[in-house]
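Read through the structure below, which is laid out as structure tokens, and then see the notes.
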Amino acid sequence: MIKEFKADLHIHTCLSPCAELEMSPLEVVKTAAQKGIDIIAVTDHNSAENIIAAGKAAKNLELTVLAGMEIASSEEAHILALFDKPESALELQAAVYKNLLPGENDEALFGEQIVVNEKDEVLDFNKRMLISATTLSAHSIVQKIHSIGGLAIASHIDKDAFSIISQLGFIPEDLKFDAIEMSPNMEREKAEQAFQPYNSFTWVSSSDAHHLQDIGRRTTSFFMKEPTIKEMALTFKNIDGRKAVWK
Ligand SMILES: [Zn+2]
Ligand SMILES: [Zn+2]
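Everything in the sequence shown is counted per this note's numbering, starting at 1 for the first residue and increasing by one.
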């Protein structure tokens, strides 16, 4: 049976240098559940080290936590990767870590990158250069995501920076995104005027939250059978009445 699942598929935690320290996995999942969201994805920059904690913290909540990541391609385009299982996100992380810029994160300049467990205890400060572009092309990232069984979404395509359109000028036809994302303050009507050539994609929109208060400021309703990647893939293709809707 098809049901409605309210989803916020783009949330950063305190592992992202630009996110607030209050964004611990525990606080993120608690806030999402309080706001009546059914599915979230934790999508830190070039890393998935807080994914397992987020999943564990949500164990007793009515909330599905997808394992995600927001990868910066060599063209400086952001791409969301979504998986059912943390192991898949960690497999992608291994490939991404091999392709990060050398050097350490400058905490004073970019912020700390904090790895936290499900009880809000600090485990580690990640020293890698997570905020920079990787040396992986957008094509190779999308290919890698698919080879691990995940979904690849072009992040905030309406933004003037760090989006596939801002970086390449268009979405190449052979770049097989499963969906494209509009940023949270993009109005539907404006998007329809500006991005009409990309109508063949399913459009989603999420919060891209870096602060607790922003979680759920924009959600997409998925009409599908269960909160899984497989169902989402069918939804992106509008199979048997499934659809994804945002205003
Ligand atoms: Zn981004
Ligand atoms: Zn983001």
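Idealized CB from N, CA, C, for every residue including glycine. Model, not experiment: these values are computed from the prediction.
Item, Value
"Taking A138 as the reference, which of I164, K230 and E118 has the closest Cα?", "I164"
"Go to H139, then tell me how far its alpha helix (DSSP H) extends in each direction, as first and last residue.", "A138 to S147"
"Would you list, in sequence order, the uninterrupted alpha helix (DSSP H) runs of no fewer than 4 residues that lie entirely inside the segment 57-133?", "86-97 and 107-110"
"Looking at the secondary structure, which residues open and close the alpha helix (DSSP H) in which L151 lies?", "Counting along the chain, L151 falls outside any alpha helix (DSSP H), though it belongs to the beta strand (DSSP E) covering L151 to A154."
"Around the Cβ of A133, are there at least 16 other Cβ atoms within 10 angstroms (buried) or fewer (exposed)?", "buried"
"Based on the DSSP output, what are the partners of F222 in its beta bridges?", "F5 and A244"
"Counting along the chain, where does the alpha helix (DSSP H) carrying M232 start and finish?", "I229 to F236"
"Can you find the residues in the same chain that come closer than 7 Å, C-beta to C-beta, to K127, ignoring five residues on each side of it along the sequence?", "E104 and N105"
"Do A268 and I114 have their C-beta atoms closer together than 7 Å?", "Because the chain spans 1 through 247 in this model, residue 268 falls outside it and cannot be assessed."
"What I want to know is whether the C-beta of H210 ends up closer than 6 Å to one or more non-hydrogen atoms of ligand 1.", "no"
"How is A33 classed by DSSP in three states: helix, strand or coil?", "helix"
"State yes or no: is the beta carbon of H45 nearer than 7 Å to at least one beta carbon in chain C?", "Of the protein chains in this structure there is only one, and it is not chain C."
"Exposed or buried, which one is R242 when buried takes at least 16 other CB atoms within 10 Å?", "buried"
"Going by CA-CA distance only, name the one from F236, E62, E121 and K230 that's closest to P25.", "E121"
"Name the two residues that bound the continuous alpha helix (DSSP H) containing S166.", "I164 to L168"
"For S147, is the classification buried or exposed, using 16 other Cβ atoms within 10 angstroms of its Cβ as the cut-off for buried?", "exposed"
"N60: buried (16+ other C-beta within 10 angstroms of its C-beta) or exposed?", "exposed"
"Using a Cβ-based criterion (distance less than 6 Å to any ligand heavy atom), does H146 qualify as near ligand 1?", "no"
"Judging by CA-CA distance, which residue of A233, K225 and H211 is the nearest neighbour of T13?", "H211"
"Please name the residue or residues paired with A209 in a DSSP beta bridge.", "I11"
"What would DSSP say about A41, mapped onto helix, strand or coil?", "strand"
"Do I141 and S73 have their C-beta atoms closer together than 7 Å?", "yes"
"Could you pull the start and end residues of the beta strand (DSSP E) that E181 belongs to?", "A179 to M182"
"Residues with a Cβ closer than 5 Å to any heavy atom of ligand 1, in chain order?", "H78 and S155"
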